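K.L.:
One line per chain: the protein sequences are A and B, in this order.
Heads up: the first sequence is residues 1 to 326, going by the UniProt record's numbering.
Heads up: the second sequence is residues 1 to 392, going by the UniProt record's numbering.
All C-beta atoms, glycine included, are put in the ideal place defined by N, C-alpha and C.
Quantities reported herein were computed from a predicted structural model and do not represent experimental measurements.
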Amino acid sequence: MTDRRRINGPPSGTRPVVFASSLKSASGAVAERPRRHRQPNELRKIFLKTGLIPSASGSAYLEYEPSASLAAARSSPQSLIPPSSALKLACTVHGPKPLPRSATFSPNLVLTTHVKYAPFAARQRKGHIRDASERDLGVHLETALRGVIVAERWPKSGLDITITILEAEDDRWWGDAPDSHDAPWGMMNVLAGCITAASAAIADARIDCLDLVAGGVAAIVRDEEATEEGATTPELMLDTDPAEHKSILSACVVAYMPARDEITEIWLKGDHSKAALGVEDSSLGHEALIEGAVNAARGAHTVLVEAVRESAERYAGLVTGDSGRN
Amino acid sequence: MAAPPPALTLPPSQFARLQPHAYLLAHLSPPASSNQPSIRANGRASSQFRPTSANTGSLTHTNGSAVVRVGDTTAVCGVRAELLPTSDIASWSVSRSGAANNAQQRQTSSNSNSNDEIDPEESQIQDFNLLVPNLSLSTGCAPGFVPGAPPSALAQSLSHQILALLHSTRLVRADDLRVWYQVPRLGETDTKGQGQGEGGMDVDDDTTTHGQGKREIKAFWALYIDIMIVSLAGNPFDAAWAAVLAALRDTKLPRAWWDVDNEMVVCSDAVAEARRLALRGLPVASSFCVFEADAAAGWRAVIVPDAEEEREIEESARKGMLRRWVLADPDGYEEGLSQERVCVVVDKVDGKTVIVKLEKNGGWAVDGRELKQLVEIAADRWEAVKEILEQC
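1) For the UniProt region "Disordered" (28 to 62) of chain B, list every residue whose C-beta sits within 9 Å of some C-beta in chain A, in sequence order.
2) Sorted by chain position, which residues of the same chain lie with C-beta nearer than 7 Å to Phe128 of chain B's C-beta, five sequence neighbours on each side aside?
3) Under 9 Å, CB to CB, which of the residues in the stretch 163 to 184 of chain B have a partner in chain A?
4) For the stretch 119 to 135 of chain A, which residues have a CB atom closer than 8 Å to at least one CB atom of chain B, in sequence order?
5) Would Leu8 of chain B count as contacting chain A if we go by Cβ distances under 8 Å?
6) Starting from Gly13 of chain A and walking both ways along the alpha helix (DSSP H), at which residues does that stretch end?
7) Assuming Leu282 of chain B and Leu245 of chain B form a contact by the criterion Cβ under 8 Å, report the distance between their Cβ atoms to the nearest whole angstrom.
8) Would you please verify whether the beta carbon of residue 339 of chain A is less than 8 Å from any beta carbon of chain B?
9) Taking 8 Å as the threshold (C-beta atoms), are Ala31 of chain A and Tyr64 of chain A in contact?
10) DSSP beta-bridge partners for Lys352 of chain B?
11) Could you work out which residue in A:Asp176, A:Leu23, A:Asn41 and A:Ile165 is closest to Lys126 of chain A when comparing CA atoms only?
12) Give a yes or no on whether the minimum CB-CB distance between Glu169 of chain A and chain B is below 8 Å.
13) Helix, strand or coil, according to DSSP, for Ala31 of chain A in the structure here?
14) If we define contact as Cβ-Cβ less than 8 Å, is Ala243 of chain A a contact residue for chain B?
15) Report the residues of the stretch 30 to 41 of chain A with a CB closer than 7 Å to any CB of chain B, ordered along the chain.
16) Anyone know if the C-beta pair for Gly64 of chain B and Thr162 of chain A falls short of 8 Å?
17) Can you find a C-beta in chain B that's less than 8 Å from the C-beta of Ile46 of chain A?
18) Could you tell me the distance, in whole angstroms, from the CA atom of Gly368 of chain B to the CA atom of Val326 of chain B?
19) What is the rounded straight-line gap between the Cα of Ala285 of chain B and the Cα of Glu121 of chain B?
20) Kindly indicate if chain A contains any beta-carbon less than 8 Å away from that of Cys267 of chain B.
21) Got a sec: is the Cβ-Cβ distance from Gln126 of chain B to anything in chain A below 8 Å?
22) Could you have a look at Glu216 of chain B and say whether DSSP puts it in helix, strand or coil?
23) Could you spell out the range, first to last residue, of the beta strand (DSSP E) harbouring Asn55 of chain B?
24) List, in order along the chain, the chain B residues whose C-beta lies closer than 8 Å to that of Pro54 of chain A?
25) With a Cβ-Cβ cutoff of 8 Å, do Val148 of chain A and Met188 of chain A count as a contact?
26) Check each residue of the stretch 238 to 257 of chain B: if its Cβ is closer than 7 Å to any Cβ of chain A, include it; give the result in chain order.
27) So does the stretch 371 to 389 of chain B actually touch the stretch 339 to 348 of chain B, counting three or more Cβ pairs closer than 8 Å?
28) Is Tyr224 of chain B close to chain A, meaning its C-beta is less than 8 Å from at least one C-beta of that chain?
29) Please report whether the beta-carbon of Ser21 of chain A lies at a distance below 8 Å from any beta-carbon of chain B.
30) In the stretch 187 to 218 of chain A, which residues sit with their C-beta less than 7 Å from some C-beta in chain B, listed in chain order?
31) Could you tell me whether the Cβ of Ala103 of chain B comes closer than 8 Å to any Cβ of chain A?
32) For Phe291 of chain B and Asn35 of chain B, I'd like the C-alpha separation in whole angstroms.
33) Anything in chain A within Cβ reach of Asp329 of chain B, meaning under 8 Å, just list it in chain order.
34) If His21 of chain B sits next to Leu322 of chain B, beta carbons under 8 Å apart, how far is it from one beta carbon to the other, in whole angstroms?
35) Give a yes or no on whether the C-beta atoms belonging to Ala73 of chain A and Pro82 of chain A are separated by under 8 Å.
36) Where does the unbroken alpha helix (DSSP H) through Ala233 of chain B begin, and where does it stop?
What follows is the structure, encoded as structure tokens:
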């Protein structure tokens, strides 16, 4: 079925580019997996700015700092294959606005979330219609935000949150074949970014919240060298870039409110039971994971606070500018 | 301590919402006593465009990308190249017969890369749908567009306008999108004589490609040009087209060749071997809208004024009483107040302005003389946009 509302390409479809270097990796220089240059508990820098989309009631743009390998590839390009990618997304909030007449009565604010990847966001071209993973992200985001917004203050109203992902995180390093540890790990980073950006945009729209909710990711990874030496203990890393790790055993993303010490959304994936984190660390795998994700969220929260303060100052400037008439 | 009762005044922002037409009209035709210049509500002169900025190459997973901001309208464009093997084209073996030789002849002579050369096979871009622009407005860019819904009429119309403009300007060269393969000569002589229609070709063939077979096209590059309007505050077409132009200028296609062993087209990932698209010209779009002083102009039946009325209008214009204003690069507020739109796409060739596209609809206010002025404004805009695109 062709989509009559869009311009379709060649009817027989097209094939993605196949690079010669990926066909015969045995010969010649083998591309190297990007390495993590950060400390295990060091986060990537986050660029977060509010109010870039004036037609929306609230908006935020979030961008992760490119990893060292990507930054190097950008400044002196050698290969057309990007080593890793950095999250870029735009979030808009429309509302609170009255619900359509046909909608049933709701005493609370009705939250709708849409997450959509741009067709060029990932290594494989994405379709124009939302697929299952995008809907899944939308549902996760909704649960994360529903616990934060004081919904009773807007009966019979709706709030639309739309996120456009311009560049997503990789699920694994491009040179790796899919293996047993494979899962869409990149989605977890995307979700954490969505939560942080949506939180900033909601605050920018001046909607009452319990606290600024921030997203954070932690993962238990086993690195390449470890497998060669034998049974080395897996490590807990915060804010993992999936492209930088050989295998991610399990990962966790939380939406966390620091002021109330509450978690509104938790998503844990992978096998964390066998991953004993060294002898000195007696805590269980999943507890360590959640703890790590919360710490990552605390880090993101500091950026969030700055962005929201900036938004508030801009708003205050607008109000005083308006009140100059009196 | 009794405060005086508040006077019944409205702040300008509320007045603009309640009485948009009167608000804009009051800005454009201030009372003569106030000695204020006629200026738009957003502070621009009527032929002034919004500040524009462009940034290219920031998206990792694209062959070329650009972000263009025109005032508060932001368009992000990503160009993604994929391969279309000729074996997948149903009509390929039929249409090919004499074409390969033609193209070969052109190929050998076009190394000088002169601009005016006419490619007889240029229509391949259109025939095989090699350019696939799609514009998306459902990004939460403005309140009216429901995210997740199928593209609105405006989005569909803009996508098609961009496609039509890409085809009519012939911006992308078909030759840049071809992946050639030199068939090695395997000793038989009859393969050579096959399919050569022109007599003059034989001489050329023997001298230049001696010891090699003929060249054939194995695949085409298909360019998926996706435009996300991240923020919409009027005039999406200019921003989208500028983003497409900037992204195409940024696009690099990897070197591709036919791999006989794998029977597929493979590419080299070396940046040094990748080449940019050689675009034809630099068409720049400028949009205008016409604001009428008569608030009901949009409701009235459109009657073309006769000569006498025409004279009256001219008379009043000479006295400085304008009844309508042509506003360049309208923002969302002005677009909502006007019916008539003009879109001019111009290019400059050797210092001469060339009109590439001219579209005008919704009214009769803009006549031939005014169109001439608009083309001149568009030519000035061309210079400005060119400078912006060359800097990024």
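P.N.:
Let me lay it out:
1) Gly57, Ser58, Leu59, Thr60, His61 and Thr62
2) Leu84, Ile89 and Phe220
3) Leu163
4) Pro119, Phe120, Ala121, Ala122, Arg123, Arg125, His128 and Arg130
5) no
6) From DSSP, Gly13 of chain A is part of no alpha helix (DSSP H); its letter is neither H nor E.
7) 7 Å
8) Chain A is shown only over 1 to 326; residue 339 of chain A falls outside these bounds and no answer can be derived.
9) no
10) B:Val349
11) A:Ile165
12) no
13) coil
14) no
15) none
16) no
17) no
18) 13 Å
19) 27 Å
20) yes
21) no
22) strand
23) Thr52 to Thr56
24) Asp72, Ser231 and Ala233
25) no
26) Pro254
27) yes
28) yes
29) yes
30) none
31) Model confidence at Ala103 of chain B stands at a pLDDT of 48, short of 50, so the residue's coordinates are unreliable and nothing is read from them.
32) 22 Å
33) None at all; the shortest Cβ gap to chain A is about 16 Å.
34) Not really, about 15 Å apart at Cβ, beyond 8 Å.
35) yes
36) Neither: Ala233 of chain B is in no alpha helix (DSSP H) and is coded neither H nor E.
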